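Residue numbers (this note's numbering): -6 to 287.
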Amino acid sequence: MAAALLSATAATAQTPAGGEIISLYPKGTVVSLGVPETRDTLETGETMIFNVSDPTLEMFRPDAGHANGTAVIIAPGGGFVGLGYEAGGTAVAHQFAQRGVTAFVLKYRTIKSPNDAMHMPEIHMKEMEGIMARARSGVPKEVPPFAGEKHAVEDGARALAIVRQRAAGWGIDPRRIGIIGFSSGAFLAADLAIGDKASRPDFVGLIYGGLRTPVPADASPAFIAGAADDEFTPNDPVQLYQSWRQAGAAAELHIYERGGHGFDLKPKGTTSDHWFIELIWWMRSRGLMASAGR
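The structure is reproduced here in structure tokens:
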């Protein structure tokens, strides 16, 4: 289970939670995994989504009159095998929306896997063996690309393009759209932050993610957070920060003494409990939390 946690097109439809679902591609455009999408509830209460072939965005809007023009796309973790959709997705989206930020949860494509959280694809087990060995030795410096990373990054770029294209209709400033990623979602966000300029977010949050290089001087400004006792990527937050700063790109780093891999909004009694408000402070310092007219 630890492996699973390493963690503009169709019309919109309404869900019971109130989020609007936006398909990233026209039906039939993306090659299917050939198995149905499945969900499994962990003992922690988290919902994991597996076998995603049809990527979507779920939108959470601030109350009328409270939007500040900033938007974030939230990329959950799950090793590109599953998606921790609530703790690393909708729960965070609700917090952003309460603070005036229009939030979107990205359900990106995953690799094919068995339909429950207790069985992982063989390729992912090999990936995790390499990550655990790297955590002990520090070699290689950068985590090799994951099997599902390429398609997930494509979905992230597509999501960003859709939000920018429809920004005016949603009351969003197209120059204030960021991506906040958790674990594998942070790898996705880092890939976009250093990649093609057309698909770079205006800012990124890399939460217990991993190193991706090379970092250009105009990489997206980054808020980087991790825990010293992270069993998977203990050194990556520092490496990410150093890579950003050596390139001359803007970055802020928060390393918590305890928190492990996968701290989210659920209180742990450690300083990592405060990562979200520190992210908000960082966004405020960059002018991302005030309405466009102020």
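Beta carbons: idealized from backbone N, C-alpha and C, even for Gly.
For clarity, every value in this text was computed on a predicted model and none was experimentally measured.
Identify which residue in the options has its Cα closest to the Cα of residue i.
i      : options                           : result
Arg157 : Asp195, Arg251, Trp275 and Gly178 : Asp195
Ala140 : Ser106, Arg127 and Ile66          : Ser106
Asp166 : Arg127, Glu135 and Ser284         : Ser284
Lys143 : Thr103, Arg159 and Pro133         : Thr103
Ile14  : Gly75, Asn61, Phe97 and Val28     : Phe97
Ile155 : Ser192, Ala126 and Leu185         : Ser192
Met118 : Gly71, Pro260 and Phe175          : Gly71
Leu99  : Ile67, Ala86 and Glu122           : Ile67
Trp274 : Arg129, Glu245 and Thr206         : Glu245
Would you call the CB atoms of residue i and residue j closer than 9 Å?
i      : j      : result
Ile42  : Tyr78  : yes
Ala179 : Gly149 : no
Met276 : Thr63  : yes
Gln91  : Pro55  : yes
His267 : Ala220 : no
Ile170 : Val24  : no
Tyr101 : Pro48  : yes
Tyr201 : Asp222 : no
Met52  : Thr83  : no
Ala218 : Leu181 : no
Ile172 : Leu185 : yes
Asn44  : Leu281 : no
Leu50  : Ala152 : yes
Within the same chain, show all residues whose beta-carbon is closer than 8 Å to that of residue i, passing over the 5 residues directly before and after it, in chain order.
i      : result
Ala243 : Pro214, Ala215 and Trp237
Pro209 : Ile187, Ala240 and Ala242
Asp189 : Ala150
Lys134 : Leu204 and Gln232
Ile355 : As displayed, the chain neither begins before -6 nor continues past 287, which places residue 355 out of reach and without an answer.
Trp163 : Met52, Arg54, Ala64, Thr95 and Val156
According to DSSP, is residue i part of a helix, a strand, or is it coil?
i       : result
Ser25   : coil
Lys259  : coil
Glu250  : coil
Ile104  : coil
Val94   : coil
Gly38   : coil
Ala221  : coil
Glu30   : coil
Ala128  : helix
Leu(-1) : Because Leu(-1) carries a pLDDT of 40, less than 50, the predicted location of this residue cannot be relied on, and no value is offered for it.
Val136  : coil
Trp268  : helix
Gly82   : helix
Gly75   : strand
Val179  : Checking the displayed sequence, the identity of residue 179 turns out to be Ala instead of Val. Residue state, collapsed to three classes: helix.
Which residues in the same chain have their Cβ closer than 6 Å to the Cβ of residue i, if we skip the five residues on either side of it in sequence?
i      : result
Ser265 : Ala220, Tyr249, Gly252 and Phe256
Ala80  : Glu39 and Asp257
Glu30  : Asn44 and Val45
Output needed for residue i: all residues of its chain with C-beta closer than 7 Å, excluding positions within five of it in sequence on either side, in chain order.
i     : result
Ala4  : Below a pLDDT of 50, predicted positions are generally treated as unreliable, and Ala4, at 32, falls in that range; no measurement from the model is reported.
Thr34 : Thr40
Phe73 : Thr103, Ile104, Phe139, Ala140, Gly141, Glu142, Ala145 and Ser177
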